[in-house]
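Be aware that the sequence shown starts at 2, since it is given in our numbering, and climbs by one per residue.
See structure below.
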Amino acid sequence: MTINRSLRFSVPGWVLIALLLVLCPVQAMAEIPDTFTNLKVFPQDIGKRQLLGTMRDFSTSLGVRCTFCHIQREPGEFDSIDWASDELDHKEAARGMMAMTRTINSELLPAAVGEGGGRVRCITCHRGLEDPRTLNDVLLDTIEENGVEIGIARYRELREQYYGSGSYDFSPMVLTSLAEALAQGQGDMDGAVQVLDLGVEMDPEDVTTHIMKSKVLIFKGDKDGAIASAKKALELDPESEQAREILAQFDK
Ligand code: HEC
Ligand code: HEC
């Protein structure tokens, strides 16, 4: 296998092989041809090592296997992958993404911030996900289509699967701003309270979550609830001006 010869002494090559072995079954690497027949974006003379390095990068950036873009004729059989085929739409989408990324890096970024201003990669947007929407957008879209309960269930699923991976931001701010969008944007106070209850469950010590909940409960006319949430916020942060203001309002 020529790939072995060119990689033998280099550490990055070693790492590349190790990662490819994780992504593909061992004997399968040998099945990948040394010459390529359907390149429309890469230069025709691209080396196998560079091409496979980029392919590995695509796979990890999107959190997918090779077969997300390359059709496999027999399920589970690596040998049956037809690398050159363009049958899967994801492969064509990836070509569009390659062109987009290239234009951003060669034209749009330098025009915006000058040369040497860093660069965008697949992972910059994708963060290990096929669908690079932020958690906030995923939840808003889910709630819009299926309601708050399903949105909350989706949050729990994603948190279970992705917490700590960096693919999604699970900081309390995501739920407080989601609640804000529901309350202010859509006048859905009940939905906002449900989301904030989830926030309290996930991060019981987050002061902003309690303050926000208190404010929404005021809107709903739930005075006792609003006071309880403001008191909780003040207990966690005795300096909180917002909590004091809310409580002062009810003292009169
Ligand atoms: C996100 C989509 C995507 C993923 C995932 C992906 N590829 Fe590709 N692959 C492409 C695209 C697009 C091309 C064609 C590039 C071009 O037109 O220049 C390509 C081309 C190839 C080719 C050349 C085929 C030919 O003869 O023209 C090989 C071999 C290949 N990929 C192997 C892999 C391997 C191995 C993996 C998994 C480690 C992988 N690819 C993962 C999108 C992908
Ligand atoms: C500037 C941000 C950005 C960059 C950089 C980027 N993508 Fe994307 N990509 C997106 C967005 C946004 C979508 C979702 C489009 C949609 O379906 O709404 C997407 C969708 C895709 C899809 C289609 C997924 C599907 O489920 O149909 C593929 C494949 C893909 N990207 C591959 C890549 C590859 C490969 C790279 C690097 C060469 C890349 N992307 C770089 C933002 C980006």
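C-beta atoms are modelled at their ideal positions from N, C-alpha and C, and glycine is treated no differently.
If you're wondering where the values come from, they're calculated on a predicted model, not measured in any experiment.
Boundaries (first-last residue) of the alpha helix (DSSP H) holding residue i
| i | result |
| --- | --- |
| Leu-52 | 49–63 |
| Pro-111 | 110–114 |
| Ser-172 | Unbroken run through Ser-172: none, as it is neither H nor E. |
| Cys-67 | Note, Cys-67: premise wrong, no alpha helix (DSSP H); not H, not E. |
| Phe-220 | 208–221 |
| Ser-286 | The structure shown does not extend to residue 286, since the chain is modelled only from 2 to 253, so the question has no answer here. |
| Phe-1 | What the structure shows of the chain is the stretch from 2 to 253, and residue 1 is not part of that stretch, so it cannot be assessed. |
| Leu-136 | 136–147 |
Reduced DSSP secondary structure (H/G/I, E/B, other) of residue i
| i | result |
| --- | --- |
| Ile-33 | coil |
| Ile-153 | helix |
| Gln-45 | coil |
Anticipated Cβ contact below 8 Å, residue i with residue j, distance rounded
| i | j | result |
| --- | --- | --- |
| Val-208 | Leu-248 | Not a contact, Cβ separation roughly 14 Å. |
| Leu-130 | Leu-176 | Rounded, the Cβ-Cβ distance is 19 Å, inconsistent with contact. |
| Lys-182 | Leu-141 | According to the sequence as given, residue 182 is Ala; it is not Lys. Confirmed, about 6 Å. |
Exposed unless 16 or more other CB atoms sit within 10 angstroms - verdict on residue i
| i | result |
| --- | --- |
| Val-27 | The pLDDT assigned to Val-27 is 47, lower than 50, so where the model puts this residue is not dependable, and the model offers no usable value. |
| Met-213 | buried |
| Ser-166 | exposed |
| Ile-151 | exposed |
| Val-114 | exposed |
Own chain, CB closer than 6 Å to residue i, minus 5 neighbours either side, in chain order
| i | result |
| --- | --- |
| Ile-33 | none |
| Phe-10 | Here Phe-10 scores only 47 on pLDDT, less than 50, and its place in the model is too uncertain to base an answer on. |
| Val-149 | Gly-192 and Gln-195 |
| Ser-215 | Ala-227, Ser-230, Ala-231 and Ile-247 |
Chain-order list of residues whose beta-carbon lies under 8 Å from that of residue i (same chain, five-residue window excluded)
| i | result |
| --- | --- |
| Arg-74 | Ser-81, Ile-82 and Asp-83 |
| Tyr-164 | Phe-171 |
| Thr-102 | Val-121, Arg-122 and Cys-123 |
| Asn-106 | Arg-120 and Val-121 |
| Gly-118 | Leu-110 and Pro-111 |
| Ser-178 | Asn-137 |
Below-8 Å beta-carbon distance, residue i vs any chain C residue
| i | result |
| --- | --- |
| Gln-250 | Judged by its chain identifiers, the structure shown contains no chain C, having just a single protein chain. |
Cβ-based neighbour list, residue i, same chain, cut-off 7 Å, excluding 5 preceding and 5 following
| i | result |
| --- | --- |
| Phe-59 | Ala-95 and Cys-123 |
| Ala-100 | Val-42 |
| Arg-160 | Phe-171 |
| Asp-204 | Pro-173 and Thr-210 |
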